[in-house]
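For the sequence shown, position 10 (counting from the first letter as 1) is numbered 76 according to the working numbering, and the numbering increases by one without interruption.
Cβ coordinates follow ideal geometry from the N, Cα and C atoms, glycine included.
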Amino acid sequence: MDFVVYCYHEISSAIKRRQQCENKKYHLRAVALGTGSKCIGKSKMSNTGDVLNDSHAEILARRSFVRFLYEELKRVYAGQPSDVFIKPSPSNDNRCSLRPGVTFHFFTSHTPCGDASIFPKSTRKEKTGSSDKRASPTGSLGSEFLKCADQSQKAEENDLNIENDNDSTEKDGNKVAALTNCQSSITEGCVNSCEYRNSNEITDVVSRKRKSGSPGMNKQQSEGSVDDENIGHVVKKARHSEDRSLKLKSASNDEAEDIYRTGAKCVPGGGQDLHAPATLYHTVGLLRTKPGRGDRTESLSCSDKMARWNVLGCQGALLSMLLAEPIYFASVTVGRSPFCKSAMGRALYMRLTSPDVSFPAPYHLHQPVFLQAPDQDFEASKAAVQREANLAAKSGTSNQNIVPSSAAIAWFDSSQTNGSDHDVTVSGRRQGITKTDVNKPKARSRVCSWSLFRCFHDLLDETDPELLPTALRIENRKQLTYANAKLLAVPYQLAWAQLRECVFDTWLQKPRSFLNFTVES
67 MDFVVYCYHE
77 ISSAIKRRQQ
87 CENKKYHLRA
97 VALGTGSKCI
107 GKSKMSNTGD
117 VLNDSHAEIL
127 ARRSFVRFLY
137 EELKRVYAGQ
147 PSDVFIKPSP
157 SNDNRCSLRP
167 GVTFHFFTSH
177 TPCGDASIFP
187 KSTRKEKTGS
197 SDKRASPTGS
207 LGSEFLKCAD
217 QSQKAEENDL
227 NIENDNDSTE
237 KDGNKVAALT
247 NCQSSITEGC
257 VNSCEYRNSN
267 EITDVVSRKR
277 KSGSPGMNKQ
287 QSEGSVDDEN
297 IGHVVKKARH
307 SEDRSLKLKS
317 ASNDEAEDIY
327 RTGAKCVPGG
337 GQDLHAPATL
347 YHTVGLLRTK
357 PGRGDRTESL
367 SCSDKMARWN
377 VLGCQGALLS
387 MLLAEPIYFA
397 SVTVGRSPFC
407 KSAMGRALYM
417 RLTSPDVSFP
427 APYHLHQPVF
437 LQAPDQDFEA
447 SKAAVQREAN
457 LAAKSGTSNQ
467 NIVPSSAAIA
477 WFDSSQTNGS
487 DHDVTVSGRR
497 QGITKTDVNK
507 PKARSRVCSW
517 SLFRCFHDLL
527 DETDPELLPT
537 ALRIENRKQL
547 TYANAKLLAV
557 PYQLAWAQLR
567 ECVFDTWLQK
577 PRSFLNFTVE
587 S
């Protein structure tokens, strides 16, 4: 059976599939869904875990999926049948494994915010051509839509050689490679990141930060700034590349004119965007916080969080102690929206590769299949609603402006409520809560950190201690803070430490004060 987690923008979800071997058919079942596009600022974060900091659809879908997993684990530890897990075995320290043939798939109606959203727009040739390569169900842009550079990474550190059909870019003497931070860039209409070849393999061309450091990634530099020693050269290089790009556009119809931009902001202390014209506006491969105005959020972009899932799994630290192996999404499918398969591969997989990292078993770098479903138009998407509004305006029945909803929905398949378990939240709390009740239990979402921590304790309380994994046979569990409980997942924490040290060294972590709550808080 395949299970699907849906994420829609303005909704998101996860799907489960289980193969039925007797007739070789597949059964798809939606088990979680999320919709939303808002985050709260740092000043509105709660130190009791009762507020949703990040209400983007992808994140709510994953949180809803975790609630679904808790219900299935409760069933199997209680000796009841489960479509997802097999009975825990003492030989495996009483941890559960997925049933054979069970896989999970992630569908999102829009490309994740952050790095995966940065790629060239349609080329001139596409505008004059009769076919739209973005409609390919495989997600491949095709050579007529975009001619990506044929790139290879040298064995020497930070050497980057970029070539395309028209000319080649000289190797930079200071090894900046037309960018700060020795990260990949988008220059002259090419995505200098990763390329899916016919064999579906990715060729890595992203110069990665080594342990010895690299220009623009020095933590001693001021927040949000570029290395002073290289700034003059970088600006000169960017201008030179832009001039050459303009000349190339007059000689070739295949040149990309601009890129899709993301509102996600680069994290302080790391590499930054150049904000140069057109294709040099963004630096790809960087960690970013969610887009938004006003009080800046501490939440990382969906691209960054989904990339992390491809190493640590989507089950989280607490559930990892009950599972024999992490749970990875077998595929990530994007609906009808601007989409680039190579950008998805770069953002969610390729930038995590590093010769310096070695994850403890059972964790590893997982590569999902990246797909697009171009015919799946979400009926509540901005584009669809805007079309309806335009038709209404023409008929004179409405002239309202279209704005994103402030509400978010989280739903998960629940046997306890016949599949109707969901809640609607605004600004991280249940919708409809009055000011007098804002800090009371009734304001909590079913998928906030406190609620998930409660699910964890409920499962342990309902299970015979002798049937639990060794790490969870402890007394006075309810006195454990959320932070200390997560630290019990030693292999998970070691893998996360490796990922931060070797790849995501500027990842923003919550202050400990926001994690020191208990279930009795």
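Inter-residue distance for VAL142 and SER157 is about 16 Å (C-alpha atoms, whole angstroms). Under the three-state reduction of DSSP output, GLN564 falls in the helix class. The shortest C-alpha to C-alpha distance from SER130 to any of GLU137, GLY337 and TRP477 is the one to TRP477. DSSP, reduced to helix, strand and coil, places CYS521 within a helical segment of the structure shown. When CYS105, PRO334 and GLU454 are compared, the shortest CA-CA separation from SER472 is found for CYS105.
Per the coordinates, the alpha-carbon of LEU135 lies some 8 Å from the alpha-carbon of GLN381. Counting along the chain, LEU457 sits inside the alpha helix (DSSP H) bounded by residues 448-461. Assignment of LYS187 by DSSP, reduced to helix, strand and coil, places it in the coil class.
For LEU118, the three-state secondary structure derived from DSSP is coil. Just measuring C-alpha positions, the residue of ASP324, ARG362, LEU118 and ALA342 sitting nearest ALA509 is LEU118. Its Cα nearest to that of PRO343, the residue TYR326 stands out among ARG354, TYR326 and ASN582. For the 8 Å CB-CB criterion, VAL569 and SER420 form a contact. Judged by DSSP in its simplified three-state form, ARG374 adopts helix. If you compare the alpha carbons of THR547, PRO531 and HIS488 with that of ARG161, the shortest gap goes to PRO531.
In the DSSP assignment, LYS153 falls within the beta strand (DSSP E) that extends over 151-155.
The Cβ atoms of THR349 and SER367 do not sit closer than 8 Å to each other. C-alpha of LEU388 to C-alpha of LEU353: approximately 30 Å in a straight line.
In terms of Cβ geometry, ALA373 and LEU414 form a close pair [threshold 8 Å]. Residue environment: ILE468 is assigned as exposed (fewer than 16 neighbouring CB atoms within 10 Å of its CB, all protein chains considered).
Around the C-beta of TYR92, fewer than 16 other C-beta atoms lie within 10 Å, and the residue is accordingly described as exposed.
Boundaries of the alpha helix (DSSP H) harbouring ILE125: 123-143, taken from the DSSP string. Beta-bridge annotation (DSSP): ILE475 is paired with THR101 and VAL490.
Distance from the CA atom of LEU431 to the CA atom of SER109, rounded to whole angstroms, is 34 Å. Taking C-beta separations shorter than 8 Å and ignoring five residues to either side along the sequence, the partners of ARG520 in its chain run VAL585, following chain order.
If the five residues before and after TYR558 are omitted, its C-beta is found closer than 6 Å to the C-beta atoms of ALA383 and SER386, all from its own chain and listed in chain order.
SER480 is a Cβ neighbour of ASP487, given a cutoff of 8 Å.
Between GLU528 and ALA144, the alpha-carbon positions lie close to 8 Å from each other.
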